[in-house]
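Residue numbering for the sequence shown follows the numbering used here, beginning at 58 and increasing consecutively.
What follows is one structure encoded as structure tokens, with my remarks underneath.
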Amino acid sequence: MESYQNLNYLKYVIIGSSGTGKTTFLLKLTNKTFNPYYSETFDLCYKINTITLDDTIFDIQIPDSDTQNKTIPILASFFKGSHCIFIIYNPSDIASFEKLTEWICFTKHHAPTNTKIVIVENRFEDENIFISKGEIYEIIRSFELQFVSINAKTGDNVRKIFYDSLCCITRKNIAWIDPESTNPLCLESDILKSQDQLCKSFQVEDYDLFFKCIVIGDSFIGKSSIIKHLCDNIFPNEYFPTFESNFYIKKIKINNLTVKLQMYDTSGHERFQTLALPIFKEPDCIIIVYSSCNRKSFDNIINWLENIDKYSSKNCQVILLENEFDMCLRQVQENEGQRLAKKFSIPLFRLNAKNSSQIQSSFTRISEILINSSNYKKPSYIDIIKKSSANNKSKNKKSKNESKPRIIPNIKFHVFLLLGDSGTGKSALSLRFCENIFNQSYIPTISIDSKIINKNIQGYTIKIKIRDTSGREFFTNYISAYCQSSNCIMIIYDTSKRETFTNLRYWIKGVEGVSRNNYFLCLVENENSDKPRQVEIYEGEDFARRYNMIFFRVNVKENEGVNEALEECVLKISRNFNN
């Protein structure tokens, strides 16, 4: 911790969004004047104020800052050696409040560790108050900062805030406002006193559970779009990069509980990524977002997990979100996200920020996870990464010593068994696998329909037998025998038919009596894009995790995800055979 060499000279800094009254605040303190004509500050202007405390004279140098982007680097460098920083917002200006979290993170990152940071609420007369005491107290509690409410025009509490901060710097005990108190710091203005009384009503909590969530990930992947769709139900048509972090609130009803999510939208730009680290302190949830059409954003998940391991608590729940972009070539396959999530034991959700698909349902499920994670302790991601790296090195070393590794074994058939209710698309999937065509006409399967195909996978020609079955009524008596002679069992449901998902338990019960030494289970979601979805994506993923199944999403009609699912299963059969 730094020690102050000369307490007779102090450096204060005043920052905040434009139009919050920083200059008015400074003039009221130094000149005891008020200028009714607003003029924007350019660059940095300095003032000197002299305060006497306990027979000691202190000269305080105070710059009034311009908040344009071009002066931000200058402002950051000026934090060096500062003793106290005032961050000002206007409760009548929602935009200045929304930027408050950004200023806090910016300050915490650049200022010395022992600099006092004070949030200053500058109230404007004759203007409506849009920010409640409850909202500002949440930020104060989250960042463990001090808070004072002033009126720069009338001078209420202006001198007091400087005396109190000076006492704090000189290690004297002072009575800062208690964020938990029901008696906020009184102001001298009668108007402001009445406003304080009105704001007491906001301190009654209108939620049952509160969770702090931080959204991280690379730039240009749609983090802000996801949050704005969730909280404001809007999608920005133009891209505006996030500056450090933004703060949002979302309330979600779950059964009889109201869950309040405090969302922090962070910048993904490399030079701002370290600024997100201070707000990693004790969050309830960290959400990592990647884009399905941005390979780098997926590869960088490992770096984010390492930072989470270093800076967050052991009880912090980590969530993985895949943002699917329309009209964009997929660079990250669905099974890659599933494998990564399984490897690190992280729940994975998929959504689309542009058309808002799965956003509300995903965050409802995330809220349910947070409600039930009171005893959760996350694994050590760094240990998992090191272990995986060591295994990869061992495999690479082994492969160099082998003239030709046999990835695909020389077995007669790879046998696939397709199960599921009637009308889920089993026959259509089999037809896609074997002939790569889609038949619009529905013809129910009678008993068992087998097809044999040759597929070229990784340079090997593989013989695959696909067994397409009828619905459960006919197949009940034969399920055990067919399972024992299969390498992979795919249980299929239709997203537009809720009952096909509900009946999955029947199919699981039918196969669970058969030893899994001979086969592995897959759950296949067949998306019917022509009809409303009755089964959410996370429901299928949760079901697959519960029963240790591999989860695939396909659209048989549009031929999406079909070949990837088949190839992944063939490779797994081969690995099982070699082992």
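From the three backbone atoms N, C-alpha and C, an ideal C-beta is built for every residue, glycine too.
Bear in mind the structure is a predicted one, so any value in this text is a computation, not a measurement.
- The beta strand (DSSP E) runs lying completely inside the segment 355-434 and spanning 3 residues or more are 374-380 and 405-408, given in chain order.
- Between the beta-carbon of residue 558 and that of residue 629 there is about 24 Å, and that puts the pair past the 8 Å contact cut.
- In the structure shown, residue 213 falls within a strand segment according to DSSP collapsed to helix, strand and coil.
- Taken through DSSP and simplified to helix, strand or coil, residue 73 comes out as strand.
- In this chain, the alpha helix (DSSP H) harbouring residue 167 covers 157-167.
- Looking only at 191, 151, 193 and 142, the smallest Cα-Cα distance to residue 168 is reached by 142.
- The C-beta of residue 148 has 16 or more other C-beta atoms within 10 Å across all chains shown, which makes the residue buried.
- In this structure the segment 309-317 does not touch the segment 431-439; the number of beta carbon pairs closer than 8 Å is below three.
- Residue 614 places its beta carbon 9 Å or farther from that of residue 447.
- Taking every protein chain shown into account, the CB of residue 187 has fewer than 16 other CB atoms within 10 angstroms, so this residue is exposed.
- For residue 194, no beta strand (DSSP E) run applies; the uninterrupted alpha helix (DSSP H) run containing it begins and ends at 190-200, by DSSP.
- With at least 16 other beta carbons inside 10 angstroms of its own, residue 381 counts as buried.
- Looking from the CA of residue 107, the closest CA among 79, 144 and 65 belongs to 65.
- With distances taken between CA atoms, residue 410 lies nearest to 278 out of 611, 601, 151 and 278.
- Residue 570 and residue 537 do touch by the CB rule: their CB atoms are close to 7 Å apart, below 8 Å.
- By the CB criterion at 9 Å, residue 269 and residue 342 fall inside the cutoff.
- Judged by DSSP secondary structure, residue 342 falls within the beta strand (DSSP E) whose first and last residues are 342-348.
- Cα atoms of residue 385 and residue 413: separation of roughly 16 Å, rounded to the nearest angstrom.
- By the neighbour-count criterion, in which 16 or more other beta carbons inside 10 Å mark a residue as buried, residue 518 falls on the exposed side.
- Sorting 555, 560 and 399 by C-alpha distance to the C-alpha of residue 589 places 555 at the top.
- Considering only 179, 171, 173 and 136, the residue with the shortest C-alpha distance to residue 153 is 179.
- Ranked by Cα distance from residue 322, the options 290, 291, 282 and 358 are led by 282.
- Less than 9 Å separates the beta-carbon of residue 273 from that of residue 345.
- When only Cα atoms are considered, residue 195 and residue 218 end up about 21 Å apart.
- Going by DSSP, residue 264 is part of no beta strand (DSSP E) at all; its letter is neither H nor E.
- In this structure, the straight-line span from the alpha carbon of residue 400 to that of residue 607 is close to 13 Å.
- Taking residue 68 as the centre and dropping the five residues before and after it, the same chain places the C-beta of 118, 138, 139 and 140 closer than 6 Å to its C-beta, in chain order.
- At the C-beta level, residue 151 and residue 161 stay beyond 9 Å of one another.
- Membership of residue 613 in any alpha helix (DSSP H) is not indicated, and neither H nor E is assigned to it by DSSP.
- In the same chain as residue 133, and ignoring 5 residues on each side of it, the C-beta atoms closer than 6 Å to its own belong to 167, in chain order.
- Of the candidates 594, 603, 417 and 549, the residue whose Cα lies closest to the Cα of residue 580 is 549.
- Bridge partners of residue 578 according to DSSP: 546.
- Distance from the CA atom of residue 135 to the CA atom of residue 165, rounded to whole angstroms, is 13 Å.
- Residue 525 sits buried, since 16 or more C-beta atoms from the chains shown fall within 10 Å of its C-beta.
- Looking from the CA of residue 471, the closest CA among 597, 497 and 624 belongs to 624.
- Spatial neighbours of residue 511 in its own chain (CB-CB distance under 8 Å, excluding positions within 5 residues in sequence) are listed in chain order as 518, 519, 520 and 521.
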